[in-house]
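Structure first, then comments.
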Amino acid sequence: YRARGRVISVKDLIAEVLEVVCTYLLEAVRPGGKLEIAPGEQASFVNFGVSVVECFTPAQRQVVLSAAQSVVGRRLGARTQCHVVTDTLASAIQICSMAPFMQRTILIVDFGASKLSVSMFSFEQSPNEDMAFIVREVVSRTNVFVGGDEMEYRMLKWCEDRKPFPESLLASKSATFKLRREVRQAIKTLTVAEEAMIDVDHLLPEKDLIVMLRLEDFERECSDIFESVGELVDEVVRAGQMGFPEEIVLVGGCTRVPRVQKVLNRMAAAAGSTIRKTLDLDRAVSLGVATVCALKTD
17 YRARGRVISV KDLIAEVLEV VCTYLLEAVR PGGKLEIAPG EQASFVNFGV SVVECFTPAQ
77 RQVVLSAAQS VVGRRLGART QCHVVTDTLA SAIQICSMAP FMQRTILIVD FGASKLSVSM
137 FSFEQSPNED MAFIVREVVS RTNVFVGGDE MEYRMLKWCE DRKPFPESLL ASKSATFKLR
197 REVRQAIKTL TVAEEAMIDV DHLLPEKDLI VMLRLEDFER ECSDIFESVG ELVDEVVRAG
257 QMGFPEEIVL VGGCTRVPRV QKVLNRMAAA AGSTIRKTLD LDRAVSLGVA TVCALKTD
């Protein structure tokens, strides 16, 4: 990455982010801080968890772990152990702690800005303890060629084809930035409405753009993206060889798109499965990673 006139490696970038995290953490546990343990007590850190996206390769996860170990060991203490957990596994661990407490399989569909990930997990009762479950990742697949960014780009081109002037919108960085912001808002509007207005003043010098984006136009332009959701779910279910899961958990902003929900609702209805749409991904991931760290503590 290039920032402030200098080239910075991915590892150094991650390290700088973790420096900020550790600074806030140390500030929170100091006397009078939001996470103060008890007056006069000194906080000690045993485990430090970092979540990464499911599609990270082992080498990429190692880069994150190496950066975390370097920063955390220096800021929080050399005895602090670092753990890297995928966001889908962390979410599954958190879901396992929610009712119903029973053996079952779930499918997590994570459809965000940059990727589509589908992961199947099984919750199996532990043979050693009555109220304990084993969370097992059965299979996971990721498609990095579809996501919210691709949908936005297609709608940018849709606007380009409908502009009332000859100048190109996509040839101007400032125009593309302004238009992308409006397109993103329009897509959000289409999750609850049939049409959305894209209205940008001074998109180009003395040029304004006003177009009405209808839901059917949006669904037509991105139809292959929406169908790829069902295709990836089918691929994961076939690879898992455990039948269709009892529950589908939707996370990521793109799962709010009506066409995506129609595809998944159709598949769930055919299999008699339920769909959970209320999971707070950020909270689930943070609590799941915290659970992993707690389980690593002696």
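First residue of the sequence shown? That's 17 in the working numbering, and the numbers climb one at a time after it. Glycine included, every Cβ here is placed at the ideal spot set by N, Cα and C.
### Query
According to the neighbour-count rule (16 or more other Cβ atoms, all chains shown, within 10 Å of its Cβ), is R18 buried or exposed?
Mapped onto the sequence shown, residue 18 falls at position 2. R18 is exposed by the Cβ-count criterion.
### Query
When we look at the beta-carbon of E166 and count the other beta-carbons within 10 Å, is it buried (16 or more) or exposed?
Along the sequence shown, read from residue 1 onward, the residue named residue 166 stands at position 150. Buried is the call here.
### Message
Measuring straight from C-alpha to C-alpha, what distance separates L297 and V308?
### Response
Here residue 297 corresponds to residue number 281 of the sequence shown, with the count starting at 1. Here residue 308 corresponds to residue number 292 of the sequence shown, with the count starting at 1. Looking at the two C-alpha atoms, the distance is approximately 16 angstroms.
### Query
Taking just the CA atoms, how far does L219 sit from Q119?
Against the sequence shown, residue 119 aligns to sequence position 103. Against the sequence shown, residue 219 aligns to sequence position 203. Distance between the alpha carbons of Q119 and L219: 55 angstroms.
### Task
Hey, could you find the ends of the beta strand (DSSP E) E153 is sitting in?
For the purposes of this step, residue 153 is taken as residue 137 along the sequence shown, with counting starting at 1. Counting along the chain, the beta strand (DSSP E) containing E153 begins and ends at 149 to 159.
### Task
Measure the Cβ-Cβ separation of V162 and I241 and say whether it is below 8 angstroms.
Residue numbering aside, residue 162 sits at position 146 when the sequence shown is read from its first letter. Residue numbering aside, residue 241 sits at position 225 when the sequence shown is read from its first letter. Taking 8 angstroms as the Cβ cut-off, V162 and I241 qualify as a contacting pair.
### Message
So T104 and S133 are supposed to be a Cβ contact under 8 angstroms. How far apart are they, rounded?
### Response
Locating residue 104 in the sequence shown gives position 88, counting from the first residue. Locating residue 133 in the sequence shown gives position 117, counting from the first residue. Confirmed, about 6 angstroms.
### Query
How many Å lie between I122 and P261 at the Cα?
Here residue 122 refers to the residue found at position 106 of the sequence shown. Here residue 261 refers to the residue found at position 245 of the sequence shown. Their Cα atoms are separated by approximately 5 angstroms.
#### Entry: Cβ shell of G128 (< 7 angstroms), same chain only, five flanking positions each side left out
Counted from its first residue, the sequence shown places residue 128 at position 112. The answer, listed in chain order, is G163, G164, G268, G269, C270.
### Query
Counting Cβ pairs closer than 8 angstroms, one from the stretch 188 to 196 and one from the stretch 212 to 228, do we hit at least three?
yes
### Task
Pick out whichever of I203, E247, R157 has its Cα sitting closest to the Cα of W174.
As a first step, residue 174 must be located in the sequence shown, where it is residue number 158. It is I203 whose Cα lies nearest to the Cα of W174.
#### Entry: Cβ neighbours of V68 in the same chain (closer than 8 angstroms, five flanking residues each side left out)
Start at 1 with the first residue of the sequence shown, and residue 68 comes out as number 52. Closer than 8 angstroms at the Cβ level, and outside the excluded window around V68, lie Q76, R77, V80, V100, V101, T102, D103.
### Limits of the unbroken beta strand (DSSP E) element including V79
As a first step, residue 79 is located in the sequence shown; it is residue number 63 there, counting from the start. V79 -> not in any beta strand (DSSP E); alpha helix (DSSP H) instead, spanning 74 to 91.
### Neighbourhood of A83 by C-beta, 7 angstroms cutoff - its chain only, sequence neighbours within 5 removed
Your numbering for residue 83 matches position 67 in the sequence shown. Here the set comprises K27, I30, A31, L34.
### Task
Within 10 angstroms of the Cβ of S107, are there 16 or more other Cβ atoms? Answer buried if so, exposed if not.
Numbered from its first residue, the sequence shown carries residue 107 at position 91. So S107 counts as buried.
### Task
Would you kindly work out how many angstroms separate the C-alpha atoms of E183 and D215, rounded to a whole number?
Residue mapping note: residue 183 aligns to position 167 of the sequence shown, counting from 1. Residue mapping note: residue 215 aligns to position 199 of the sequence shown, counting from 1. Taking the straight line joining both Cα atoms gives about 17 angstroms.
### Message
Mapping the DSSP letters down to three states, classify D126 as helix, strand or coil.
### Response
Indexing the sequence shown from 1 puts residue 126 at position 110. The answer is strand: DSSP assigns D126 an E or B state.
### For L231: DSSP bridge partner residues
For this step, residue 231 is matched to residue 215 along the sequence shown. Paired residues: none, contrary to the question.
### Query
In the structure shown, what three-state DSSP assignment does E198 receive?
Numbered from its first residue, the sequence shown carries residue 198 at position 182. E198 falls in the helix class under three-state DSSP.
### Message
Let me make sure I understand the geometry here. Which of I124, T158, T313 has the alpha-carbon closest to that of R152?
### Response
Residue numbering aside, residue 152 sits at position 136 when the sequence shown is read from its first letter. Of the candidates I124, T158, T313, the one whose C-alpha sits nearest the C-alpha of R152 is I124.
### Task
Return the CA-CA distance between R95 and V37, expressed in angstroms with no decimal places.
Counted from its first residue, the sequence shown places residue 95 at position 79. Counted from its first residue, the sequence shown places residue 37 at position 21. Using only the alpha carbons, I get a separation of about 18 angstroms.
### Message
By the three-class DSSP mapping on this structure, what secondary structure does E251 have?
### Response
Counted from its first residue, the sequence shown places residue 251 at position 235. E251 falls in the helix class under three-state DSSP.
### alpha helix (DSSP H) segment containing Q13, residue limits
With the chain running from 17 to 314 in the structure shown, residue 13 is simply not present.
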